Each structure stands twice: as C-alpha cells, then as structure tokens.
Amino acid sequence: MKVNRLSVVVKAILATFTVAVLVTSVWAAPQEQLLYSFAGTNGLNPQSSLIFDSSGNLYGTTLTGGEFNVCPVSGGGCGTVFGLSPKTGGGWTETVLHNFQRDGKDGNNPYGGLIFDGTGNLYGTTVYGGICGCGTVFELMPATGGVWTEKVLHSFNMKDGSVPYSTLTFDTAGNLYGTTFGGGNSSSVCIDGCGLVFELSPQAGGGWSEKAVHKFTGGDGGNSLAGLIFDHAGNLRHNLSGRGSYGLQRQRLRHGVRVVTPIRRRMDGEGVAQVPRQ
Numbered sequence: 016m017k018v019n020r021l022s023v024v025v026k027a028i029l030a031t032f033t034v035a036v037l038v039t040s041v042w043a044a045p046q047e048q049l050l051y052s053f054a055g056t057n058g059l060n061p062q063s064s065l066i067f068d069s070s071g072n073l074y075g076t077t078l079t080g081g082e083f084n085v086c087p088v089s090g091g092g093c094g095t096v097f098g099l100s101p102k103t104g105g106g107w108t109e110t111v112l113h114n115f116q117r118d119g120k121d122g123n124n125p126y127g128g129l130i131f132d133g134t135g136n137l138y139g140t141t142v143y144g145g146i147c148g149c150g151t152v153f154e155l156m157p158a159t160g161g162v163w164t165e166k167v168l169h170s171f172n173m174k175d176g177s178v179p180y181s182t183l184t185f186d187t188a189g190n191l192y193g194t195t196f197g198g199g200n201s202s203s204v205c206i207d208g209c210g211l212v213f214e215l216s217p218q219a220g221g222g223w224s225e226k227a228v229h230k231f232t233g234g235d236g237g238n239s240l241a242g243l244i245f246d247h248a249g250n251l252r253h254n255l256s257g258r259g260s261y262g263l264q265r266q267r268l269r270h271g272v273r274v275v276t277p278i279r280r281r282m283d284g285e286g287v288a289q290v291p292r293q
C-alpha cells in the first residue's frame, strides 16, 4: 500500500467490530455501506476515528485483536494498526501494519486515532504497555514492500503521565502534544493522578524528550479522554472529564505562574480547557 502525505482527516464512526460508511444523496435517505468486518487476528473492537491519505487509503487502530493473544487487560490480542485500500470495482482490502505485543517495551491497546507527519509516518498512543504498563507514544514508518516499522517514542511512568487515550496533534515545529487520563500529581481527589497535558519534542540524534505542559489536580479538571487542538493564538484546547467546578476554564501564565480562571460552570463537571503556548 503506497503511502502519501495526509490530505484529509476524516471523523468516521466505527461499529464495535466493523468499519462502515454512510452513503447519501439528495433523493434518498442515508444508507450504510459495510467496508470491512474484523475477524480477531486482524484486529478487534476499533474505537478510533479514521484518517485518509491522499491516495484514498484509510488508517485506524483496534483496541484489541491481533496475532499476539497475551494481553490480560483486554482478554485477547493487544490491538493493531491497520490500513484499508480501495479495490478496483469496489470493496476494500485490509492490511495489518502493526500487531502490538506484551513484551515490556511495546505498547498495548491503542484507543486513540492516528496522525501523519509530512513524510508519511504515522503517530499514535496506546493505553497500556511500555516499560511500566502505563502506555506509550509510538511511530510507524513505511518501508519498501508494504512493511511498516514501529518505534516507541516514549513510555509513560506515572509521574510523567499514564493511560493516554487521546489522539495526538503536531505543532508547526514538529512537536507532539496529547493528554493522559492518569498520572502526574497524586492527591486525595486522584490517588493515581488526575492526568496531564504533555509535549514530546524531537531531539538531535533521533530521540524524543517528554515534558508535562500542565498537570491536573481535580479542581481544574482531569482524567482527560480527549485530544488537543491549537487555536489561532497557539493555545491548546481540549475537552475535560472534569472534577469539581472548573469544567470549562481558561488557563494562562501570569508572571510565569499558571493561573486557572473559570469562564463558565457546567453542572456535570465537564467542559473545555485552554492551555497557553509557552
């Protein structure tokens, strides 16, 4: 499957074991067209959104399934990254780009979607796996013959975050940003940490350096499942599964100190947060 630079990002709805599309016209009601059904060894239980490349191929992740049936958390395979290529005359062909495995290094159980960089490499997160089982950030690089090589860019260790559900986002300098559900600062509100916003920066020589952009405390939100977007000013925005009254909030730096200002309260403790660019 030839890989080209990403041209379109698609928000697609994934049924529990299938990939489907809704076909509409001005004369008829929407109709679902089944593109592919997963069988287990090639993936199972897809949760993520999909992305297109410029050739019309689709890419996504499955939370479970795959060749390695050694993940106790999922009770089955450790998940996959897959591609779907349209066939001449109709239909789609699936290719498993990577089978995650529980080996103490690789990630397990990807929940979020994927993003491309400018050269056709894919990036994503896994909820579990890595050195301490706290999740990973990974990269998949295409090679000749349709083979993809995976590289773990970062393994979380609780202090710097854990259990990343989110899809990643790039800034214009090539840094990656995302959120974690847990980890960071522990408290009586969040024993295992309320999660954080993190940044991964590429280093000379090929490595990546991670730092916490913001650690949630529970009063300012926490346990984030959502990804991040940049606004026109370079601030990061994201949804919060908040704790306390600061579900919808603005965050800014005042004399080098981060200040949290509520801009609207939500009774359900959920909302949107803004993290200013540093």
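Quick note on the working numbering: the sequence shown kicks off at 16 and runs consecutively. We treat Cβ as the ideally placed atom computed from N, Cα and C, and that holds for glycine. What you are looking at is a predicted structure, and each value in this text was computed from that prediction instead of being measured.
Residue 177 versus residue 74: straight-line alpha-carbon distance, rounded: 25 Å
Residue 245 versus residue 192: straight-line alpha-carbon distance, rounded: 10 Å
Coarse secondary structure for residue 184, derived from DSSP in three states: strand
Separation of residue 101 from residue 194, as counted between CA atoms: C-alpha separation (whole angstroms): 33 Å.
Cutoff 6 Å; reference residue 146; Cβ partners in own chain excluding five residues on either side: 170
Exposed unless 16 or more other CB atoms sit within 10 angstroms - verdict on residue 247: exposed
C-beta atoms of residue 185 and residue 210 nearer than 8 Å: no
Residue of 233, 187, 86, 166 minimising C-alpha distance to residue 204: 233
For residue 55, three-class secondary structure by DSSP: strand
Buried versus exposed, by CB contacts within 10 Å (16 or more), residue 48: exposed
Straight-line gap, residue 259 to residue 202 (C-alpha atoms, nearest Å): Confidence in residue 259 is poor, its pLDDT being 35 and thus under 50, which makes the residue's placement unreliable; the coordinate value appears in the next sentence. The straight-line gap from Cα to Cα measures roughly 14 Å.
Where residue 66 falls, given that 16 or more other Cβ within 10 Å makes a residue buried: buried
N-terminal and C-terminal residue of the beta strand (DSSP E) that residue 96 is part of: Annotation for residue 96: the continuous beta strand (DSSP E) segment containing it runs 95-101.
Cβ pair residue 164, residue 151 closer than 8 Å: Contact flag unset, no.
Counted within 10 angstroms of its Cβ, other Cβ atoms place residue 212 as buried (16 or more) or exposed: Residue 212 is buried by the Cβ-count criterion.
Check whether residue 111 and residue 95 have beta carbons under 8 Å apart: yes
Residues bridged to residue 113 (per DSSP): BP columns for residue 113 point to 96.
Chain-order list of residues whose beta-carbon lies under 8 Å from that of residue 228 (same chain, five-residue window excluded): 192, 211, 212, 213, 214, 251, 290, 293
Residue range of the unbroken beta strand (DSSP E) whose run includes residue 167: It spans 163-170 - the beta strand (DSSP E) in which residue 167 sits, taken as one unbroken run.
For residue 213, the first and last residue of its enclosing beta strand (DSSP E): 211-217
Continuous beta strand (DSSP E) stretch holding residue 191: start and end: Residue 191 -> beta strand (DSSP E) spans 191-195.
CB of residue 130 within 8 Å of CB of residue 183, strictly: yes
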